[in-house]
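In this note's numbering, the protein residues as written are 480 to 1143. From the three backbone atoms N, C-alpha and C, an ideal C-beta is built for every residue, glycine too. First up is the structure itself, then whatever we jot down about it.
This is the structure in structure tokens:
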């Protein structure tokens, strides 16, 4: 079980927040508005998930909803056959929606491209023909090392069309990361580009890709290179096994490739995520369960209708982009927006300008971004007409109540429900959140488990905790979007996700419990607040406190935009709270502000959580996906030598924070 000092249990101390109801107008038009869906799914489980499968077109009907005879290697919709590319393209073209816009893309310099479903169908077919001509066969893993350009989803759907799983590597990752993932996946094919733009400047991506290719142990049969930069390119000559994207499409112009029938349990894609051993984990997602779950959650939680213009402001290099930029929205036949650049280039109103320009209905982004918007101030969204927005969402990490309320007020004009969604790369789709046409919203709390999702908060022995208490999040039953295993590593799959609360010697699926390694608390309404990763816990004098609660208390102080807290060594307490704080623009970073922060924590949580030190900083060290690198902040708090900073998007800030800490 989870180890810790004292009794090992997490404590929840933050007071409950206000509640908000969706408007009658929203409820009336919502895709899901009957609260009986929760009872219906519970009473009819697992057949309830036929509702998700029904959102897809199947070449061969499935025989059984769930095969749980070999836990935790569950199989969904067994015997069924389908194709993900067909479900995202062909059926919309055939059903009369060929002229509906599928993708609206905006480049950083304002260049745009629009793809109807017919356009997307045509180009996906041509690239699928190109891949086959290059020797890609069914079940070959194709690595995609690309930024946010339309060729990325086109390549994904082309791979799916011919039954070749794709493995997308985030464009911001290093050459070494690319080589590691290609080696792990035994991938002999790469699709990449010459470069892309970031804050107005062209970046040389092909040089990095070539360096990565040199590190692929088994060699590479073929690579395809998209010319994104044109005249701004860096003059690279293509190697012997490298091919130009446009030339390939010209060669295969007008060709059509029949979508390959894939078994529901055939792999659709690999998604590599970080692991506790330091070696990336290849999370395996399959075709039937994953696609049906992505479509169902897009429909039920994001309230997507095919007439919508929907924008998920994530990167397709992460699972959020897979599920909620590409597969979920396109399976539903809606218009999905893609943006190449950063939120503050050329100015801090860029995203709101795009919301106004494209009359976006649904906007889904990360708390990291929302805290940045809050820091910059409400004057930027106020410059633009955001009245088209109907629903807001947040994803990636817990959102503190103050940031939630800022988002609700300044972006949603207190009219748009906010769905705060908890899920992981491994879950494939949302697991804990409100259904916006049914549930009240509680800022800072993700919400109840979705219908059919058996999420509980338990103590170290696996017993459910009482309302108001904190513990550890678990999932007791399988769900369609779940990972099937870790690529070629079933043992690690069991060790990392199932061992903690399961009887791994049992064949009874009720003895198997999924543990995502998150702390959580639950209230009397069954709403779950995520307290952060289990390793993001501070043990102060035997009291285990989640970082999310303390950070929320700090951001609740007027003038604070963002905060990160870590535990540092303390002679008396064992560990003490060290806080790193970003203030809103124009706020004084002085002792008065420091005192207000300390008082805010004591008032919200109690003296036990009083920060030992409060450091002001212009930025926090973050990975390229926007997650705070608390390990480095812990090293600064403890005066230790700094570890690896190469995965950060802003490595220079670490030394700046370290110098400031030493001067205190």
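Separation of residue j from residue i, as counted between CA atoms
i	j	result
residue 742	residue 765	9 angstroms
residue 792	residue 1128	18 angstroms
residue 580	residue 806	15 angstroms
residue 630	residue 866	31 angstroms
residue 756	residue 1120	With a pLDDT of 43 at residue 756, under the threshold of 50, the predicted position of this residue should be treated as unreliable, and no value is reported.
residue 488	residue 974	22 angstroms
residue 1026	residue 992	25 angstroms
residue 698	residue 692	8 angstroms
residue 829	residue 511	32 angstroms
residue 799	residue 774	13 angstroms
residue 967	residue 643	17 angstroms
residue 897	residue 614	46 angstroms
residue 885	residue 653	35 angstroms
residue 555	residue 548	11 angstroms
residue 1117	residue 772	44 angstroms
residue 670	residue 1050	54 angstroms
residue 710	residue 681	10 angstroms
residue 861	residue 903	33 angstroms
residue 1131	residue 664	33 angstroms
residue 601	residue 584	17 angstroms
residue 1144	residue 928	Since the first residue shown for the chain is 480 and the last is 1143, residue 1144 is missing from the structure and cannot be characterised.
residue 1059	residue 1098	9 angstroms
residue 1008	residue 521	22 angstroms
residue 977	residue 941	13 angstroms
residue 1100	residue 501	36 angstroms
residue 744	residue 557	7 angstroms
residue 913	residue 513	13 angstroms
Burial state of residue i, where buried means 16 or more other Cβ atoms lie within 10 Å
i	result
residue 467	Not covered by the structure: residue 467. The range shown for the chain is 480 to 1143.
residue 562	buried
residue 533	exposed
residue 813	buried
residue 981	buried
residue 979	buried
residue 688	buried
residue 1122	exposed
residue 590	exposed
residue 575	exposed
residue 919	exposed
residue 713	exposed
residue 908	buried
residue 858	exposed
residue 888	exposed
Beta-bridge pairing of residue i - partner residues as DSSP gives them
i	result
residue 961	Looking at the DSSP assignment, residue 961 forms no beta bridge with any residue, so it has no partner.
residue 1032	The partner list for residue 1032 (beta bridge, DSSP) is empty, contrary to what the question assumes.
residue 676	681
residue 822	Paired residue(s): none; residue 822 is not in a bridge.
residue 1049	1053
residue 646	622 and 749
residue 1147	Since the displayed the chain opens at 480 and closes at 1143, residue 1147 lies outside it and no answer follows.
residue 904	According to DSSP, residue 904 bridges with nothing at all.
residue 920	499
Nearest neighbour of residue i, chosen from the options [CA to CA]
i	options	result
residue 825	676, 812, 1044 and 727	676
residue 516	915, 848, 943 and 1141	915
residue 748	1039, 960 and 1132	960
residue 932	810, 1078, 776 and 728	776
residue 768	559, 970 and 1113	559
residue 607	726, 735, 585 and 661	735
residue 717	679, 645, 737 and 672	672
residue 550	596, 983 and 893	983
residue 786	837, 738 and 823	837
residue 1084	958, 668, 1031 and 953	1031
residue 640	850, 618, 902 and 943	618
residue 797	906, 529, 971 and 943	906
residue 779	520, 509, 763 and 795	509
residue 1016	604, 722, 1043 and 721	1043
residue 763	809, 683, 864 and 972	972
Beta-carbon separation (whole angstroms), residue i vs residue j, contact threshold 8 angstroms
i	j	result
residue 1090	residue 1056	5 angstroms
residue 674	residue 707	6 angstroms
residue 875	residue 899	Wrong, their Cβ atoms sit about 10 angstroms apart, outside the cutoff.
residue 811	residue 842	With 8 angstroms as the limit, residue 811 and residue 842 do not qualify as a contact, their Cβ atoms being about 17 angstroms apart.
residue 795	residue 647	6 angstroms
Any C-beta of chain B under 9 angstroms from that of residue i
i	result
residue 802	Considering every chain present, this structure includes no chain B. It has just one protein chain.
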